[in-house]
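Working notes, structure below.
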Amino acid sequence: MVHFDMETFDKALEEGKLMMVDFWAEWCGPCQMLGPVIESLAEEYEGRAVVGKVNTDEEQELAIRYRVMNIPTVLFFKDGREIERRVGVMPPDAFVQILEENL
0 MVHFDMETFD KALEEGKLMM VDFWAEWCGP CQMLGPVIES LAEEYEGRAV
50 VGKVNTDEEQ ELAIRYRVMN IPTVLFFKDG REIERRVGVM PPDAFVQILE
100 ENL
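Numbering (numbering that gives the first Met the number 0), first residue to last: 0 to 102.
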């Protein structure tokens with residue numbers, strides 16, 4: 000699991016790999032519920048996709064750049080650009096489907 004800041008996020012994006020990024024905050028209850036799902040997927044997809052998190056309180060510029068208005072918001076990137084977005088707590092299958100379709 001990667002905890003992104005602006006620099007590490009941009010570097011990972013430039014590599015063009017499939018990325019799944021959870022925009023969250025510590026005070027957000029739904030974010031806390033989604034956390035274990037993201038951690039599990041990070042382990043499951045290690046080496047095949049980059050799975051990480053962006054703390055929106057610490058990295059507000061990234062949240063603004065990608066117009067993240069509600070959290071949790073999970074963005075998917077491939078070849079350096081956003082390909083999918085899911086807002087709110089969802090079952091793991093919702094994320095697995097997107098990852099599998101884009102590997």
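Using N, Cα and C, we set each Cβ at its ideal position, and we do this for glycine too.
When the Cα atoms are used, residue 91 and residue 101 turn out to be separated by approximately 16 Å. Measuring C-alpha to C-alpha distances from residue 19 to each of 53, 31, 32, 28 identifies 53 as the nearest. Spatial neighbours of residue 17 in its own chain (CB-CB distance under 8 Å, excluding positions within 5 residues in sequence) are listed in chain order as 47, 48, 49, 75, 76, 77, 98, 101, 102. Sorting 28, 44, 1 by C-alpha distance to the C-alpha of residue 95 places 44 at the top.
For residue 42, the secondary structure class from DSSP, reduced to helix, strand or coil, is helix.
Annotation for residue 22: the continuous beta strand (DSSP E) segment containing it runs 18 to 23. One alpha carbon belongs to residue 4, the other to residue 89, and they sit about 24 Å apart.
Under the three-state reduction of DSSP, residue 69 is assigned to coil, being neither helix nor strand. Under the three-state reduction of DSSP, residue 3 is assigned to coil, being neither helix nor strand.
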